[in-house]
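Report on the structure given below.
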Amino acid sequence: MMVGVPLVGFVFKPLFKALPPVWRSVGKVDSFKVGETVAVTFLQASPLPWAGVTAKTAAWLRRESDNSFTAFSISCTHLGCPVRWRPDAELFMCPCHGGVYYKDGSVAAGPPPKPLSRYQARVNEGQVEILSTL
Ligand code: FES
8 MMVGVPLVGF VFKPLFKALP PVWRSVGKVD SFKVGETVAV TFLQASPLPW AGVTAKTAAW
68 LRRESDNSFT AFSISCTHLG CPVRWRPDAE LFMCPCHGGV YYKDGSVAAG PPPKPLSRYQ
128 ARVNEGQVEI LSTL
């Protein structure tokens with residue numbers, strides 16, 4: 008009987024529906040120093056009620072100038088481990104397999120196949136916002 012397949016699609020389709028990106032505030036502009044790269048957390052675009060703390064995600068945010076920010080994904084492009092920013096070396100380091108990224112997110116060494124992903128970032132009404140796409 009072919010009833011099972013459409014029923015499965017009906018039950019799971021809402022879980023896999025593409026959701027529109029949402030701007031999330033990560034703090035006041037004045038709370039970030041020009042030239043510094045810091046970790047910020049924010050809610051995913053559409054947290055599911057049962058997701059709890061996993062509905063939060065993180066990024067590395069750098070204030071480039073008065074009104075310019077760059078936001079990098081914390082996920083290594085090799086297998087997804089969270090990368091760490093090393094301000095002394097100005098590098099992103101992945102603890103899992105030795106991946107290294109330059110300050111601009113491009114690959115410096117190790118197995119990562121491509122640069123760190125970036126989020127769009129903007130200043131809006133005194134707040135720094137990141138476009139959450141998950
Ligand atoms: S997950 Fe980062 S180098 Fe493998």
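Residue numbers for the sequence shown follow the numbering used here, beginning at 8 and rising by one.
Don't be surprised by glycine CBs; every beta carbon is placed ideally from N, CA and C.
Predicted, not measured: the structure shown is a model, and the values here were computed from it.
Alpha carbon of residue i to alpha carbon of residue j, nearest angstrom
| i | j | result |
| --- | --- | --- |
| residue 49 | residue 140 | 11 Å |
| residue 132 | residue 111 | 27 Å |
| residue 104 | residue 31 | 31 Å |
| residue 51 | residue 135 | 16 Å |
| residue 128 | residue 35 | 13 Å |
Residue i - containing beta strand (DSSP E), residue span
| i | result |
| --- | --- |
| residue 62 | First-last for residue 62: undefined, no H or E at that position. |
| residue 49 | 44-50 |
| residue 131 | 128-131 |
| residue 115 | 114-116 |
Proximity below 8 Å, CB of residue i to CB of residue j
| i | j | result |
| --- | --- | --- |
| residue 138 | residue 84 | no |
| residue 47 | residue 65 | yes |
| residue 99 | residue 68 | no |
| residue 75 | residue 126 | no |
| residue 117 | residue 107 | yes |
Same chain, Cβ closer than 8 Å to residue i, neighbours up to 5 away in sequence not counted
| i | result |
| --- | --- |
| residue 41 | 70, 71, 72 and 73 |
Own chain partners of residue i with C-beta closer than 6 Å, once the 5 adjacent residues on each side are dropped
| i | result |
| --- | --- |
| residue 92 | 44, 67 and 99 |
| residue 101 | 83, 88 and 90 |
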